[in-house]
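Before any comments, here is the structure.
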Amino acid sequence: MNRPGNDGGRVPLADVRIMAADPRDTTARECLDHYYGELARRFRQGFDVSLSRDPEAEDMLPPRGVFLVAWSGGQPVGCAGLKGFGRGEAEVKRVWVAPAARGQGLARRLMDEIEARAAGLGIHRLMLDTNSALTEALALYRNTGWTEIDRFNDDPYPDRFFEKRL
């Protein structure tokens, strides 16, 4: 399997396109597999996607949600999902950027696009969960206007919870 952005070089982000995709498609699954692998390496207790809510990412399908894939040079270099709950609320899920594409603002671009898509769906409150081991994610959320809140789910992996009002 080709590992996007894992060739030791930097991925040029000038030509990045962010497009909606079916999370069950091969390319989307490739991004998700890289994401899950990284979680397994970084979480002290490892990571088993089957223990997570919606392991197949089907909650991120229209009309209530969306799954985005970022492309550069014909390769997927990032992803993010939006899982709509109704009532004007949704959860941001599966935010991942390939190692060689990090540090160039792609995660922020993915989050901006997710927020724009959410607003277009009439969503006014976004929530997300993360794990303290993902220090870059914590910094991103804090620097982009997310507020830490109490636990809102029983997923076994996250220990930090955030919301953002649109």
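In terms of the UniProt record's numbering, the sequence shown has 60 at position 60, counting the first letter as 1, and numbering is strictly consecutive. Glycine residues also receive a C-beta, built at the ideal position from the N, C-alpha and C atoms. The structure presented is a predicted model; accordingly, all values stated were derived computationally and were not measured.
Assigned exposure category for residue i - 16 Cβ within 10 Å defines buried
i	result
residue 156	exposed
residue 154	exposed
residue 150	exposed
Nearest to residue i (by Cα), restricted to the options the options
i	options	result
residue 47	131, 104, 160	131
residue 66	77, 140, 119, 21	21
residue 27	11, 60, 145, 78	78
residue 94	10, 38, 152, 151	38
residue 127	143, 121, 147, 119	147
residue 75	117, 30, 140, 142	30
residue 116	41, 162, 166	166
Contact set for residue i: own chain, Cβ-Cβ below 6 Å, skip 5 residues either direction
i	result
residue 137	130
residue 16	70, 72
residue 84	64, 65, 90
Inter-residue Cα distance where the pair is residue i and residue j
i	j	result
residue 133	residue 35	14 Å
residue 63	residue 108	24 Å
residue 87	residue 53	20 Å
residue 144	residue 100	22 Å
Own chain, CB closer than 8 Å to residue i, minus 5 neighbours either side, in chain order
i	result
residue 106	13, 16, 70, 77, 78, 97
7 Å Cβ shell around residue i - same chain, five flanking residues per side excluded
i	result
residue 60	23, 66, 67, 81, 82, 83, 93
residue 114	68, 80, 82, 92
residue 43	131, 133, 157
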